[in-house]
Amino acid sequence: MAYAVLPAGETKKVRTPDGRDLAYLEFGQPGSPLVIHNHGGPSSRLEGTLLASGAISHGLRLVSVDRPGNGRSSPQKDRTYKGWADDLMTVADALGYQQFGVSGWSEGGPWALAAAAYIDPSRLRHVSYIAGAAYGAFGDNSAAQYLDKVDALGGQLALHHRMAFHLMYELLELDAVHFRKSYIKTLIKMVNERDAKLLEDPTIAEAFADSSAECFAQGSTALVQDAELIYRRWPFDVTKIERSVHMWQGMEDHLVPYRINQEVSQRMPGAVWHPVEGEDHFMPIPASADVFAVAARELGV
Numbered sequence: 413m414a415y416a417v418l419p420a421g422e423t424k425k426v427r428t429p430d431g432r433d434l435a436y437l438e439f440g441q442p443g444s445p446l447v448i449h450n451h452g453g454p455s456s457r458l459e460g461t462l463l464a465s466g467a468i469s470h471g472l473r474l475v476s477v478d479r480p481g482n483g484r485s486s487p488q489k490d491r492t493y494k495g496w497a498d499d500l501m502t503v504a505d506a507l508g509y510q511q512f513g514v515s516g517w518s519e520g521g522p523w524a525l526a527a528a529a530y531i532d533p534s535r536l537r538h539v540s541y542i543a544g545a546a547y548g549a550f551g552d553n554s555a556a557q558y559l560d561k562v563d564a565l566g567g568q569l570a571l572h573h574r575m576a577f578h579l580m581y582e583l584l585e586l587d588a589v590h591f592r593k594s595y596i597k598t599l600i601k602m603v604n605e606r607d608a609k610l611l612e613d614p615t616i617a618e619a620f621a622d623s624s625a626e627c628f629a630q631g632s633t634a635l636v637q638d639a640e641l642i643y644r645r646w647p648f649d650v651t652k653i654e655r656s657v658h659m660w661q662g663m664e665d666h667l668v669p670y671r672i673n674q675e676v677s678q679r680m681p682g683a684v685w686h687p688v689e690g691e692d693h694f695m696p697i698p699a700s701a702d703v704f705a706v707a708a709r710e711l712g713v
């Protein structure tokens, strides 16, 4: 099982054509096939430390990037899915890659799907969508029927009560940044026994807590922007995505119930469904080698 937590190393930055900085970490050898990782929320580029061992074991270079306003990336007032797809291509260009793949976990999943929708398949050669938060794939808060009460309420607040939605994320920031042990204990209570054991590992717990806290380095505004876009009807149509998208899903996921993504897989022509029995939301940590084995194959390793 290749899920050792790797050291973060140096944070580097890419400048976008409109003058913003995108902060990233890189793992693996320069020149190896590239996968750009889309972190969840609340999370950051530091999420790459939890997944990179699986990528490296298959000869890949993993680059984990902060989305605008998260972590150390510059804020962007008018966030769009198409704009992020352009940012991903900017990162690939800066690193010298014509072809590359993407991965996206949890709230990073919709951004990986946006890449699949907006980037030419001749350039984007692989997409891994991991327990993605497909909350607006078929309309505003379209996954509400599958969500627990807290997340369904979050969708309602995002759509109809913006100030209350902001307050909810400010409280989350307080917990993730200043009460890290409490933050992890709350997660442990929400997941199954396998995930609980993962999060009880001090190394994994510390790495995940670091990644979550780093999300709020510039406050909670960017995470709120991300979440609002995720809950609202997406501007791209997943039923029109014909290129291959590998959808990985823990079938005991308590945070993103599998029925949400099972519906996406059934309605998206290019979906390749990878159900992982017995696993919860933190499945990609122990399964990182399996996830990136597929990426390596499609990227020609």
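Take the sequence shown: its letter number 168 is residue 580 in this note's numbering, and every next letter is one higher.
All residues carry an ideal CB built from backbone N, CA and C; glycine is no exception.
Simplified DSSP state of residue i, which is helix, strand or coil
i: residue 438; result: strand
i: residue 674; result: helix
i: residue 542; result: strand
i: residue 447; result: strand
i: residue 494; result: helix
i: residue 522; result: helix
i: residue 534; result: coil
i: residue 433; result: strand
i: residue 631; result: strand
i: residue 516; result: strand
i: residue 659; result: strand
i: residue 476; result: strand
Contact set for residue i: own chain, Cβ-Cβ below 6 Å, skip 5 residues either direction
i: residue 560; result: none
i: residue 542; result: 517, 660 and 696
i: residue 513; result: 447, 537, 538, 707 and 711
i: residue 558; result: 669, 671 and 672
Residue of the options minimising C-alpha distance to residue i
i: residue 489; options: 566, 633 and 686; result: 633
i: residue 475; options: 615, 679, 421 and 429; result: 421
i: residue 522; options: 708, 676, 580 and 701; result: 676
i: residue 465; options: 713, 619, 704 and 644; result: 704
i: residue 457; options: 492, 419, 605 and 469; result: 419
i: residue 509; options: 445, 520 and 430; result: 445
i: residue 654; options: 682, 670, 426 and 648; result: 682
i: residue 627; options: 646, 477 and 512; result: 477
i: residue 435; options: 636, 494 and 502; result: 502
i: residue 469; options: 500, 505, 416 and 454; result: 416
i: residue 687; options: 505, 664 and 600; result: 664
i: residue 680; options: 609, 534 and 656; result: 656
i: residue 592; options: 565, 423 and 621; result: 621
i: residue 562; options: 658, 423 and 581; result: 581
i: residue 454; options: 531, 439, 426 and 589; result: 589
i: residue 473; options: 609, 515 and 494; result: 515
i: residue 467; options: 423, 540, 504 and 427; result: 540
8 Å contact criterion, which residue i and residue j should meet: CB distance rounded
i: residue 437; j: residue 452; result: Not a contact, Cβ separation roughly 15 Å.
i: residue 645; j: residue 548; result: 5 Å
i: residue 640; j: residue 570; result: 5 Å
Proximal residues to residue i (C-beta, below 8 Å), its chain only, five neighbours per side dropped
i: residue 413; result: Low confidence applies here, because residue 413 scores a pLDDT of 45, under 50, leaving its location unreliable; read the following figure in that light. Result list for residue 413: 698 and 701, in chain order.
i: residue 443; result: 473
Cut-off 7 Å between Cβ atoms - residues of its own chain near residue i, not counting five sequence neighbours on either side
i: residue 606; result: 690, 691 and 692
i: residue 533; result: 655
i: residue 491; result: 480, 637 and 641
i: residue 555; result: 546, 547 and 672
Cβ of residue i within 8 Å of any chain D Cβ
i: residue 584; result: Considering every chain present, this structure includes no chain D. It has just one protein chain.
At 4 residues or longer, what runs of the alpha helix (DSSP H) sit wholly inside the stretch 544 to 620? 561 to 572, 574 to 590, 592 to 602 and 605 to 612
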